[in-house]
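Using my numbering, the letters of the sequence shown correspond one by one to residues 293 to 393.
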Amino acid sequence: MQFQFALIVLSLWICIIEELRMRDPSFPDVSHGVLIHRVIAGSPGNRAGMKPGDVIIEINGVKVNTSEEIYNAVRTSESLNVLVRRGADLLMLHMTPESTE
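Have a look at this one:
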């Protein structure tokens, strides 16, 4: 069984964060995380309230640095508490991954 939450994401390395800040001074003030590029309509991520431009900082209280860490959390957890940075705000979103059987 596989689980998904239907997001297209980008791991944020320091060089990527610096580049994004040069292009957009309003880019969130983060030192790590995973940028949400796209949210699939009707997906668990969409229902949880995730939006393009959000940066996932933690899942279930664990710091997130790479997209692989997100995929591991989705595969191993029945529900996810996701801390995201949206602009200057920190939001806690709750999500339940869906089975893709």
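Glycine included, each C-beta is placed from N, C-alpha and C at the ideal position.
- The residues 328, 376, 378, in chain order, have a CB closer than 6 Å to that of residue 346 in the same chain once the five nearest residues on each side in sequence are set aside.
- One Cα belongs to residue 389, the other to residue 302, and the distance between them is close to 19 Å.
- Within the DSSP secondary-structure output, residue 386 pairs in a beta bridge with 373.
- DSSP places residue 351 in the uninterrupted beta strand (DSSP E) bounded by 347-351.
- In the structure shown, the three-state DSSP call for residue 332 is coil.
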